[in-house]
Structures are given as structure tokens and as C-alpha cells.
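K.L.:
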Amino acid sequence: MALQISKKRKFVADGVFLAELNEMLTRELGEDGFAGVEIRVTPMRTEIIIRATRTQNVLGEKGRRIRELTSVVQKRFNFPDGGVELYAEKVLNRGLCAVAQAESLRYKLLGGLAVRRACYGVLRFVMESGAKGCEVPFLLTIVFLVLI
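The opening residue of the sequence shown carries number 1 in the UniProt record's numbering; numbering runs sequentially from there.
#1: In the DSSP assignment, what residue or residues form a beta bridge with Thr40?
#2: With 16 other CB atoms within 10 Å as the buried threshold, where does Asp81 fall?
#3: According to DSSP, Leu86 sits in a beta bridge with which residue or residues?
#4: Just reading off the alpha helix (DSSP H) that Thr26 is part of, what are its end residues?
#5: On a CA-only basis, which of Ile49, Lys108, Val91, Val122 is nearest Val37? Give me that one, please.
#6: Taking its Cβ as the centre, do 16 or more other Cβ atoms sit within 10 Å of Gln101, making it buried, or is it exposed?
#7: Beta-carbon separation of Val84 and Val73 under 8 angstroms?
#8: With three or more beta-carbon pairs closer than 8 angstroms as the criterion, would you say the segment 123-139 touches the segment 60-76?
#9: What number of angstroms, rounded off, separates the C-alpha of Thr55 from the C-alpha of Tyr87?
#10: Nearest to Ile39 by alpha carbon, out of Gly33, Gly15, Val58?
Here it is in C-alpha cells:
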């Protein structure tokens, strides 16, 4: 018998699930160019599509890492066996993906590159990718400096 749940509770539960999943995958796949996640719910299973700039690192050797991630998600969110499948999708235009560029800026700053040089490098790459405009907020730079 299915459990009755109000629409408000359902939306909140879905939002919490998405936020927790996104946080977990960001921590796990940040170095592999994690750019976001999409969830598709079908009657038979839940499909989770991981968007990343380096999909080979997400998949791992012979698909080992994606299988490990699948089992972690399955246990963490109480999915039945075979109830969840993870897929990796490559970000087609890395320069137009804000999350990927923010991660790129983060690793440049963590690597010791000067703030102005790192920011201008990201701006140049984004503009060369075909963006009409780009902005690196000053507060973002301050937050990165505080984290370092």
C-alpha cells in the first residue's frame, strides 16, 4: 500500500533529496569537473544523470567508481536493489557552464595562482566559448580568499 503524502511535503522531500544528493556528489566529484545532477523518476527506477567535464574520471576504471557511487546512493537514500541507476553525461560546452567555471576558479586559487590572473583567465575562457557576458563577483573572490 502506497503512503499518502501531501503535495507540499512531497515538494519539500524532493528538494531535500536533491540538495543532499548534490552536496554529496559535489564533495565526491568536485575534482572531476562535477557540474550538476538531473533526476528522472520512472515507475521502475530512479535515474540520476551526473553532468561532469571529465566523465572518464566519474566512470572510473571499468566503471568501478560509478558502481561504487550507485551503491552509496542506494544505501544512503534507502533505494531498493536495482531501484536507482547512475549515468555520467559530458558537459558539451565547459565554458558556458557556470558551476564548472566556478570549480575551475577554485582550483586555480587553491593552486596558488594570483586572484586577478585566475579571474581574468576564467573570464577569457568563458568569453572565447561564446558567452555574451560574464561576471566574477568581488564577494566570490573574497570568499575564496577566506577559505584559503
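Each residue gets a CB set at the ideal place from its N, CA and C atoms; glycine is no exception.
P.N.:
By the coordinates alone:
#1: The sequence position of residue 40 within the sequence shown is 40, counting from 1. The sequence as given places Arg at residue 40; Thr does not occur at that position. Answer is Glu47, bridged to Arg40.
#2: Locating residue 81 in the sequence shown gives position 81, where the first residue counts as 1. By the 10 Å Cβ count, Asp81 comes out exposed.
#3: Here the question's residue 86 lines up with position 86 in the sequence shown. Per DSSP, Ile48.
#4: Mapped onto the sequence shown, residue 26 falls at position 26. Segment 7-29, the alpha helix (DSSP H) holding Thr26.
#5: In the sequence shown, residue 37 corresponds to position 37, counting from 1. Closest by alpha carbon: Ile49.
#6: For the purposes of this step, residue 101 is taken as residue 101 along the sequence shown, with counting starting at 1. Taking all protein chains in view, the Cβ of Gln101 is crowded by 16 or more other Cβ atoms within 10 Å, so the residue is classified as buried.
#7: The sequence position of residue 84 within the sequence shown is 84, counting from 1. The sequence position of residue 73 within the sequence shown is 73, counting from 1. Yes, the pair counts as a contact, with Cβ atoms nearer than the cut-off.
#8: Segments in contact, no.
#9: Here residue 55 refers to the residue found at position 55 of the sequence shown. Here residue 87 refers to the residue found at position 87 of the sequence shown. In a straight line, the C-alpha of Thr55 is about 10 angstroms away from that of Tyr87.
#10: Here the question's residue 39 lines up with position 39 in the sequence shown. Of Gly33, Gly15, Val58, the residue nearest in Cα terms is Gly15.
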